[in-house]
Every structure is written in C-alpha cells, then in structure tokens.
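> My questions all concern the structure below.
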Amino acid sequence: MKEYDHKEIEKKWKNKWIEDKLYETPQKKEGAENFYTLVEFPYPSGNLHIGHWYAFAIPDIYARFMRMQGKNVLYPIGFDSFGLPAENAAIKHGLDPKKWTYGNIDYMKMQLQSMGTMFDWSRELRTSDPKYYKWTQWIFTKMFEKGLAYKAETTVNWCSSCKTVLANEQVVDGKCERCGTEIEKRKQKQWMLKITDYAERLLNDLDDLDWPEQIKEQQRNWIGRSEGSLINFITEDTIENISVFTTRADTLFGVTYLVVAPEHELIDSALSENKSRIKNKEEVRKYVQKSIKKSELERQANQKEKTGVLLEGITAINPANNMEIPVFVSDYVLGGYGTGAVMAVPAHDQRDFEFAEKFNLPVVQVIAPIFVDKDNPPLEGKDISPRRNVQVIVKHPTEDRIIQIQWKQQPWKTFVIGGVEEGESYEDAVLREVQEETGYKNVGKIERIGWQMESRFYVAHKDVNRKAFSQVFYIELRDLEKDEITQEEKGLHDVVWVPIDNFRDFNPVSELPHIQEFFSVERHAYTGEGILINSGEFDGSLSTEVQKSITEKVNGNLKTTFKLRDWSIGRQRYWGTPIPIVFDPDGKPHAVPEEHLPWILPEDVDFTPTGKAPLDKSEMLKKNTEDIFGKGWTPEVETMDTFIDSSWYFLRYIDVHNKESISSLEAQKAWMPVGQYFGGSEHTTLHLLYSRFLQKVLFDIGAVAEMEPFRKRINRGLIMGPDGQKMSKSKGNVVDPDAMVEKVGADVVRMYLAFIGPYGEAGSYPWDMGGIAGIRRFLERLCGLEAYIEKEGVSERVEKELHKMLKKVTSDMSEFKFNTAISAMMIFLNHVEKTKSLTKEQYQMTLKILAPFAPYLAEELWSKVVAGSESIHVQSWPKYDHEKIMDAETTIAVQVDGKMRGTIRVPVGSTEGDVVQKIKETEEIFRWISASYELKKFIPDRLVSFATDTKV
RNA sequence: GGGCCAAUGGCGGAAUUGGUAUACGCGCAACACUUAAAAUGUUGUCCGCAACGCGGAUGAGGGUUCGAUUCCCUCUUGGCCCACCA
Numbered sequence: 000m001k002e003y004d005h006k007e008i009e010k011k012w013k014n015k016w017i018e019d020k021l022y023e024t025p026q027k028k029e030g031a032e033n034f035y036t037l038v039e040f041p042y043p044s045g046n047l048h049i050g051h052w053y054a055f056a057i058p059d060i061y062a063r064f065m066r067m068q069g070k071n072v073l074y075p076i077g078f079d080s081f082g083l084p085a086e087n088a089a090i091k092h093g094l095d096p097k098k099w100t101y102g103n104i105d106y107m108k109m110q111l112q113s114m115g116t117m118f119d120w121s122r123e124l125r126t127s128d129p130k131y132y133k134w135t136q137w138i139f140t141k142m143f144e145k146g147l148a149y150k151a152e153t154t155v156n157w158c159s160s161c162k163t164v165l166a167n168e169q170v171v172d173g174k175c176e177r178c179g180t181e182i183e184k185r186k187q188k189q190w191m192l193k194i195t196d197y198a199e200r201l202l203n204d205l206d207d208l209d210w211p212e213q214i215k216e217q218q219r220n221w222i223g224r225s226e227g228s229l230i231n232f233i234t235e236d237t238i239e240n241i242s243v244f245t246t247r248a249d250t251l252f253g254v255t256y257l258v259v260a261p262e263h264e265l266i267d268s269a270l271s272e273n274k275s276r277i278k279n280k281e282e283v284r285k286y287v288q289k290s291i292k293k294s295e296l297e298r299q300a301n302q303k304e305k306t307g308v309l310l311e312g313i314t315a316i317n318p319a320n321n322m323e324i325p326v327f328v329s330d331y332v333l334g335g336y337g338t339g340a341v342m343a344v345p346a347h348d349q350r351d352f353e354f355a356e357k358f359n360l361p362v363v364q365v366i367a368p369i370f371v372d373k374d375n376p377p378l379e380g381k382d383i384s385p386r387r388n389v390q391v392i393v394k395h396p397t398e399d400r401i402i403q404i405q406w407k408q409q410p411w412k413t414f415v416i417g418g419v420e421e422g423e424s425y426e427d428a429v430l431r432e433v434q435e436e437t438g439y440k441n442v443g444k445i446e447r448i449g450w451q452m453e454s455r456f457y458v459a460h461k462d463v464n465r466k467a468f469s470q471v472f473y474i475e476l477r478d479l480e481k482d483e484i485t486q487e488e489k490g491l492h493d494v495v496w497v498p499i500d501n502f503r504d505f506n507p508v509s510e511l512p513h514i515q516e517f518f519s520v521e522r523h524a525y526t527g528e529g530i531l532i533n534s535g536e537f538d539g540s541l542s543t544e545v546q547k548s549i550t551e552k553v554n555g556n557l558k559t560t561f562k563l564r565d566w567s568i569g570r571q572r573y574w575g576t577p578i579p580i581v582f583d584p585d586g587k588p589h590a591v592p593e594e595h596l597p598w599i600l601p602e603d604v605d606f607t608p609t610g611k612a613p614l615d616k617s618e619m620l621k622k623n624t625e626d627i628f629g630k631g632w633t634p635e636v637e638t639m640d641t642f643i644d645s646s647w648y649f650l651r652y653i654d655v656h657n658k659e660s661i662s663s664l665e666a667q668k669a670w671m672p673v674g675q676y677f678g679g680s681e682h683t684t685l686h687l688l689y690s691r692f693l694q695k696v697l698f699d700i701g702a703v704a705e706m707e708p709f710r711k712r713i714n715r716g717l718i719m720g721p722d723g724q725k726m727s728k729s730k731g732n733v734v735d736p737d738a739m740v741e742k743v744g745a746d747v748v749r750m751y752l753a754f755i756g757p758y759g760e761a762g763s764y765p766w767d768m769g770g771i772a773g774i775r776r777f778l779e780r781l782c783g784l785e786a787y788i789e790k791e792g793v794s795e796r797v798e799k800e801l802h803k804m805l806k807k808v809t810s811d812m813s814e815f816k817f818n819t820a821i822s823a824m825m826i827f828l829n830h831v832e833k834t835k836s837l838t839k840e841q842y843q844m845t846l847k848i849l850a851p852f853a854p855y856l857a858e859e860l861w862s863k864v865v866a867g868s869e870s871i872h873v874q875s876w877p878k879y880d881h882e883k884i885m886d887a888e889t890t891i892a893v894q895v896d897g898k899m900r901g902t903i904r905v906p907v908g909s910t911e912g913d914v915v916q917k918i919k920e921t922e923e924i925f926r927w928i929s930a931s932y933e934l935k936k937f938i939p940d941r942l943v944s945f946a947t948d949t950k951v
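Residue numbers (numbering that gives the first Met the number 0): 0 to 951.
Quick look at the structure:
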C-alpha cells in the first residue's frame, strides 16, 4: 500500500498550477468552443463554510470535465463585496468597512484556492471596486434616463434595528431577513426600479429557457399574472367612483358591499376635504392610521380576525343589479395590488365571507355548485327533467340521531328528500316532505345548510336524467308525536334513526363538501365553479364562461394584473454603490454624467446609524457636487441595494478590464449567454429574476446582444449537519471545512460532497463522518493501483469494465449525477483489485477520469507514471470503445405472469425462437409455464415475458 | 389557503426512464491478521416461513399493463417557496 500524503501533494501542485498559469482562460482558443460555467459569487463574510465547498467545488468538477472534453471553459470567481455586515462591523467594532471586507477577501481567496478549483483568478472582480461600480452606476443612469428609475412616495418596510429600508423580498415572516427585527411600515420617498414594465416579457421569455420546470414555475408564480376585470362602482354622490379589480366577474350579482384598503386614495381625499360625505371621519382616521402603522407581523397574526370600519354616508351602486351597497375600509385589502379596492362577494370568497359574518352583512349566493352523482350518472340520450328539491336532515328531539330513509326499490340511503312543487316555497316543501315520509309533525326552526346546488343524476324508476336544484335543511324535532304515514310511502322506504356520525353512509349527497362542513361545524364560502343563479339574464350560465359578458354589460374593462411590484432599491446605508444622482437648486434630480463616473463613495463618514443615510454627513461629497455642478446643487445620499451589483456581474467577468463599457459586444459574443449557472434555490425569485430584468434593460439600450443571461440553471441542495439539522453555531453541528481538509485532504472533501447525492436536485444531505472515511479509503486504494501495473498480464475483463465505467461516468457527469459516476469508479476499482491486473494505458485512463474529482491526487499519480508530461488537467477526456463493452453472451430475464422465474444465458442477438427453445430446455423455468401459454413480450438480449392465464 | 416537490433497507442513495428492486458507500455481524486494540482483508447483511424452496415488500389504497419504484386517480406524511394577491 502506497502512502497518500494529501498535505504534501496539495502544497506541491497548488503552487505549480499557479506558476504554470494553468487556469487562465483565453478569450478564444484554437479549435475549442467557448463554454461559460458560472457559480454565484460569495459575499466575503470572513471564511468559507461547508456550503461554499458544495457551491464551488462541485461545479468545478463539471467545469474540469467540460475542459477535458475540449471546451475552452471559463470558470470565474469574484466577491459580492458591498453589504450590510461590513457596515455592522464598522458600527460595532469601529473597523473600516473597506479594510474589514478586503481582509476577509484575502483570507477567503486562500481558502478557495485550497479547494483545488480551476478558477481563473486573473478575472477576479469585486463589486465594491470603483472600476466595477462605475458600471453599476452607469446602468442606473441609463435606467434613470429611460424613466425606469424613479423616486416615489411609497410605503416601505423599515427595519428599526438596521435603520434602513428593505425590499419586500428581504422581509421574511414580517421580520428583517438579516437581523430578525420586526418590520414597521413607513411612508418614504424611495428610489424604485420599474421592473413591472418588464413583467410580461419576464414571464413570456421563461417558456424558451432550458431551466428546470420547477424554477420557471416559481418565477411565474412570483410574477403572478392574473387576468380579470376592472369594474367601476358609482358611489352615491357620483364624484368618488370606486374601481375594483376582480378575477371573478361572474360573481358580480353577489356583491353586497365594497372594501377599500387603508391606503386607498378615496380615504385620503375623504379625510382631508370638507365636502366629503363621510360622517364618521374620526373613527375612519383612527382605523387607517392604526393599520398603516401595523407591522407586517401583526397584520399576519390577525389573519383570522377581520377588522374594518363602515364609511358612513357613502354608498355605492352594484352596476349589475343597481342595488345600493355599503363601503368599508379594512386592512384585509392590500393597497399595493390591483386598485386597492375589492368588491366583496361573501358567498364565494372566504375572506369576504368572514368579514360579512363579523359585520352581519347579507350573503347572496350566485353560483351553484354542480354535483354529478358518480353512482347514478346521467345517461346519454335520456330526457333531462329539471326540478327543485329539498333534502332535510331531521334530528331526534333528545338523542344524537338523525333520520335515514332506506329505499326499498333502490340501493339508496338518503335524508328526507323530495321535490318542491310549483309555487311552493322551499320551507313549505320541507314541512310537507317530513310529514309525508316520516309522519313527524312538530318541528323546530328550519335552518338552511350550505349552498343551493345543482345535482345531476339518472333516476332509474322514472328513466330520466334529473337536473335538480336542491337545498339542504336541518330541523330538530320537538317531540316524537307523529301521524300514520300512507301505505304507498311505507312501500317505498323505511325510516331509520342512525347516529349522527354515520352521515357518510348517506348516498349520494353526503359526499358533498357543504354537508360534511355542516357536520364538522365549519362554515365556508363556496369558491368553486358552477351555475349562475340570482343573476338576472345570466341565470343558468356556467360561471367560467361569463367573465367577459358580465364585464361588458357593466362597462368594465378586461385587465391583466401582476403580483410583481416595482423594486425599491434605495438604502440609507454607507457600504454600497452610491446612487449617481444630484439635485439642482429646485430639487430636481439629474443623473451624474458618464464622464464623472465612478461617482466615488466618500470616506469621510460617521457610521452611527441615525435613520439618515451616512453619506448625508460627508463634506467631501457635498463639496464635490458643488464643484462640479455649481452652488446649491446637492448629492443623493442613498446607496443601492446590493442585488443590483450582483444582477450584472456575469457580464463583467468576460471582459473584466474593459474601460469603455460593461463588456464589449465581442466578448459577449464569445461567452454569453452563460452556458451553465449553478446556484442556490433561495435566489430563484430574487437574484435570478433581477438579473433577467437588467439583461433585458441592457438589451433594449443596445448594451448587450442577448435577451436572456443564463442558458441553463441548476439549483443545488443543502448540506446539513451530521444530526440532519441545518448547521448552526448554536446547535454545535457545524462542520469546519478547513479542519476536514487538514485531516483528509481537499480531494476527499470534494469527492465526498459529490458522492452525497445528485447535484441537480435541491434536496438536503446530512454530513456523514463515516461516509467521508469511505471516500478517503477509496482514494487510498487508488494509490495502491500502481503496484498492479503489468504484473498479472492483460485481463480482457478489466478492459471491458474500464470502458463500461468510462461510458457511465461520461453520461452521468453531463447530467450532474456525480454520485453515480463515483460509484461506477468504485465498481471498476473493485474489479481491478480482484484480478490484480492492470495495464499502463488502463491506469492512465483511470487517472484521467479521476482528474476532475480529485485534481491533486490525479495530478500527482499522473506525474509519476507519465514522466515529463503536461498536466493531467489539459489532457483530453478518454472516449469509450463500444466494441469493448459488447458481451458475447447476455442474461435474459424470464417472467411468467409478471413474476420473475429465472434467467438464462444466451448469445447476444439470439432470436425469439432460440430463446424460447432454450427456456423449454431449462426445467426449473419451464415448469412454471403450463401447456398453454402466450408469449407476451420479447425484448432482445433483455427479457421475455409469458402469460399462462387463459382468461387473457 | 395557493404553488412546487418528495416518500425505496438501520442511514445517504441506485435502478438502462414501463422490463431481473435495493447498485455504490456508510453502518452492523462473523472470521482472519494481532498479546490486545486500531488499521487492513475476507464473507455476510430487505422481511416472513415447516428455509438449496416459496411468499411478501419501493408511504397507504385503487386503476391501466403480460409486467409499475417508474404512468393515472384518491389519501397520508414530510420539505421548499409564496401567502388576506380579490
């Protein structure tokens, strides 16, 4: 056994590779196609955790593989080096954010290099470098010129601890994503980017992307396109119309009130103007102020309990039926979505339903669910006989029992059930049917249960299809006094008392949700589809088909709305890209002209958070502004959200020293779009969407030639602690990569992470100390292979296994299944050790396959066996030989009636006849096949399947 | 509440995409080497039984099929994302 001294090997090759500039990627390489492999760059937090290894070292395996496949592979790295932690270090420990950040970078660079990655460090970038942020600012000024960057009064998320504004995406569970402090709502003038202008394109262009469907779907949901109608409700005084957005115009006849958000403009004007008709101004003002100040968390915590205030003095007209309806203000309506006002349909919207119950508002059903009886479905070609009927749940006066009607001619168990006669009310029909069918006559209050519905079923004894409008009622008997029922009724059914919980035995109607709800004492709105009722000329139409016609009838407009909101990007912070805007003496904003970019981040600032931006105190910035633009001009003092920095960094790597543009079109032509982008799933709706947005903006101004930045995308999984929990210092389950590398070597850590599970599925994998020992053993055994070379002669078997392995590894790597690729290598090693036979060529090929996984060890062993050779990492990937994999004989599985009954060995390419003949000769298999059998399937060289079942 | 995804031995996971379920690794057990342990090696390791055989098993139940971990339906559990989005 040869010694595997990982420390020695790693030290040796790390330096050699740097000396030889092994990983510097030229813009073009003779005879090689360019391939851009990208991984999300890190924030320089101080040191690498095991997640970083998973993020960078595994894509490195892929990058190396592509390089050996003959591609000119770009695998760049940089640092997302602006951001809050640097500033927090400054505030807490009085450190210079720049020094703190750059010190961290130096250390992390060393760690990254220890991984054995093929990063091209000559292209390293840092977003806090003026040479970089000059172009971030340039992009901003272009957006400003196009009206895509604007300052607007909005309600913002304010973190009182970080003393800054956060984007919606940075608020998690109503708390600050960074520090966990509860978020308050504040109104503030705020720089915004108009991503909503691009919503449609961001959505549509997803279709053509070669990304996992899951990721695309998540972005689609985030963009949240919905098609609905804008409908105008005229208020009594006709001055203040209220426009609402709805996706359920079909329920318009069921609107019994309107609700506006606390932020709605109607409230603003009504409270300020004297002529407003609102009578309870004080009450409204108090409610609105309270709810706007309410934190996100409170708003969510109060989800169950609806609150609101009636706007006294204002009524609106339902344009569908001219009914007068009240108007409320409530915070269950969002100011920022749609028009900030909703039409409330309590019968068919759960939130409206809850609100109506609390405020005692009328509930009008306009959609009737359609119930098709599965046991007695309508038969085609039969007449349809429409009918109204009632179903009555009759409760025993003292016991928890209800009446079940057991039919004699049909296999039915039902409630009391019967038709409503012409001119008869539902309630009268209930009393009559109960008396006719059961004889009981002293009943309590009649209660309607759930919604009217349309049932469709076939009535066998009348040979018609019934389409019945039915309503369920509940009554409690006052006593058991009853009249004798008629002989005719007696002949039809028995009346039986059954326990209340047996309601599921009732068929078919008890399957209906609202019956079930009744018994579980929950009440819900009916939000599904159905047939329109109480809707004038639309009665009888299908709810899914009337949105357009109802909208047109009331002069509404069809309208598309998005959930996506504009991106708020201003930060009252220091350590970020300064917003390159100056204000003239009238306060009008102007972009800093390109010749003055980069608009430098001044260094004479005080970091103590005050709620005002630190740059506000920079004399240097003020002076610089006046010097350039003149007296009375003032600078913008906010910095940008760091997500902007990272929304275009991939365009910089490809031409990192360009002084004329973000990157030349020539460089873009060489590299863009990114061929493979690896990252974390947490960036699906943030970074990934923002990058696509900026790319499209840049495309529109001609700065880039591609409309989409990333051709392919893979979201990696999560590495958990050995206990299966998320790693955290407080749980004490953190795995320190540096210590692991020290102990077992970088190659082992890389390879173990690759072996832990498939890379392209965002699962979570626990770190297993035993597992990593297994990989270490594997590499140690590989070190021992050299001893077998040319010792035992040539084994055909080993040659075949080698090519099989090569084939498997090659295809697995293309699909990011590094785990099974490694498993194939292990299987091969097991074969070699068994036969102890290996040629020099076979050994070299094995090392090449190992090279992307364990770059240090492969290089070391390679240098020993191929004297004076170039690095193994510039060798080309071996090709497998199909001929060598071919077997002369193959194993065929024999199935009988779907069960495995044995295998036979036959020459490759045997015909069906040969195989059957062989089976007939094989007693232990043939005994399963009775005299009469049928050959169901013959797959050459694989399987044969028989059926003996004569029924088939 | 909505969307997406998953569920296979004691554990991480394989399975040619509808064709021999449990590859590979870990763990465990026995044995060898050793004074002993570690390391290493060899063998075994889904479950049941009247055990060289047969039956059962891929979260549960049903369906399609000669054949289902794979496709379809219902349900259960778990994960991720979103969430009073009209």
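By construction, the Cβ of each residue, glycine as well, lies at the ideal position given by its N, Cα and C atoms.
These figures come from a predicted structure and were not determined experimentally.
I'd like to confirm the pairing. Which residues does DSSP put opposite residue 405 in its beta bridges?
Partner(s): 412, 493.
> To the nearest whole angstrom, what separates the beta carbons of residue 905 and residue 927, a pair I think is in contact under 8 Å?
Actually they do not touch by this definition, with Cβ atoms about 18 Å apart.
> Can you check DSSP and say which residues form a bridge with residue 794?
Looking at the DSSP assignment, residue 794 forms no beta bridge with any residue, so it has no partner.
> If you scan the stretch 754-837 from start to end, which runs of the alpha helix (DSSP H) of 4 or more residues do you find wholly inside it?
Segments of the alpha helix (DSSP H) lying fully in the stretch 754-837: 768-782, 795-813, 817-834.
> By alpha-carbon positions, which one of 43, 150, 103, 124 ends up nearest to residue 590?
The shortest C-alpha separation from residue 590 is found at 150.
> Grouping DSSP H, G and I as helix and E and B as strand, with all else coil, what is residue 520?
A caution first: residue 520 carries a pLDDT of 47, below 50, which makes its placement in the model too unreliable to give a value.
> With DSSP run on the structure shown, which of helix, strand or coil describes residue 209?
Here residue 209 sits in strand by DSSP.
> Tell me the residue span of the alpha helix (DSSP H) that contains residue 675.
Careful: residue 675 lies outside any alpha helix (DSSP H), inside the beta strand (DSSP E) at 675-679.
> Does DSSP classify residue 156 as helix, strand or coil?
If DSSP states are grouped into helix, strand and coil, residue 156 belongs with the strands.
> Secondary structure at residue 914, three-state DSSP: helix, strand or coil?
Of the three classes helix, strand and coil, the one that applies to residue 914 here is helix, per DSSP.
> Just verifying my parser: in three-state terms, what is the DSSP assignment at residue 151?
In the structure shown, residue 151 sits in a strand (DSSP, three-state: E or B).
> Using the beta-carbon count (16 or more within 10 Å), is residue 724 buried or exposed?
Classification for residue 724: exposed.
> Grab me the residues of residue 10's own chain with a C-beta within less than 8 Å of its C-beta, minus the 5 sequence neighbours each way, in chain order.
If we look at residue 10 and ignore the five residues flanking it on each side, it has no Cβ neighbours.
> Just reading off the beta strand (DSSP E) that residue 308 is part of, what are its end residues?
Here the beta strand (DSSP E) through residue 308 covers 308-316.
> Are there 16 or more other CB atoms within 10 angstroms of the CB of residue 178, so buried, or fewer, so exposed?
Result: exposed.
> Measuring straight from C-alpha to C-alpha, what distance separates residue 677 and residue 758?
So the alpha carbons of these two residues sit roughly 10 Å apart.
> Rounding to the nearest angstrom, what Cα-Cα distance links residue 637 and residue 45 in this structure?
Approximately 26 Å, taken between the alpha carbons.
> By how many angstroms is the C-alpha of residue 392 removed from the C-alpha of residue 451?
Going by the C-alpha atoms only, they are around 15 Å apart.
> Should the stretch 638-649 be regarded as contacting the stretch 126-138, the criterion being three or more beta carbon pairs within less than 8 Å?
The answer is yes - the stretch 126-138 touches the stretch 638-649, with three or more Cβ pairs under 8 Å.
> Output the distance between the C-alpha atoms of residue 209 and residue 712, rounded to the nearest integer angstrom.
Between residue 209 and residue 712, the C-alpha separation is close to 8 Å.
> Between residue 865 and residue 843, what straight-line distance do the alpha-carbon atoms span, to the nearest angstrom?
Taking the straight line from one Cα to the other gives about 8 Å.
> Quick one: using the 10 Å Cβ neighbour count with 16 as the cut-off for buried, is residue 92 buried or exposed?
That one is exposed.
> What number of angstroms, rounded off, separates the C-alpha of residue 707 from the C-alpha of residue 695?
When rounded, the distance between both Cα atoms is 7 Å.
> Can you tell me where the alpha helix (DSSP H) with residue 713 in it begins and where it stops?
That residue, residue 713, is in no alpha helix (DSSP H); its beta strand (DSSP E) goes 712-715.
> Within the stretch 434-499, note down every full alpha helix (DSSP H) run reaching 4 residues or more, in order along the chain.
Listed in chain order, they are 486-491.
> Closest to residue 413 by CA distance: which of 660, 497, 323 is it?
Nearest of 660, 497, 323 to residue 413, Cα basis: 497.
> Among 341, 936, 6, 66, which one has its Cα closest to the Cα of residue 21?
Among 341, 936, 6, 66, the Cα nearest to that of residue 21 is on 66.
> Would you say the stretch 327-335 touches the stretch 249-264, given that touching needs at least three Cβ pairs under 8 Å?
Yes, the stretch 327-335 is in contact with the stretch 249-264.
> Helix, strand or coil, according to DSSP, for residue 256 in the structure here?
Here residue 256 sits in strand by DSSP.
> Give me the residue from 121, 756, 316 with the minimum Cα distance to residue 553.
It is 316 whose Cα lies nearest to the Cα of residue 553.
> For residue 520, which residues from the same chain have a beta carbon less than 6 Å from its beta carbon, with the 5 sequence-adjacent residues on both sides left out?
Interpretation of residue 520 is limited by its pLDDT of 47, a score under 50 that renders its predicted location unreliable; the figure taken from the coordinates is listed afterwards. For residue 520, where only same-chain residues beyond five positions count, there are no Cβ hits under 6 Å.
> What are the boundary residues of the beta strand (DSSP E) that includes residue 394?
Unbroken beta strand (DSSP E) run through residue 394: 383-394.
> Do residue 563 and residue 577 come within 7 Å of each other at the CB atom, strictly closer than that value?
No, these two residues do not count as a Cβ contact at 7 Å.
> For residue 221, which option in 347, 750, 565 has the closest C-alpha, if you only look at C-alpha atoms?
Nearest C-alpha to residue 221: 565.
> Classify residue 335 as helix, strand or coil using the three-state DSSP reduction.
Coil at residue 335, not helix or strand.
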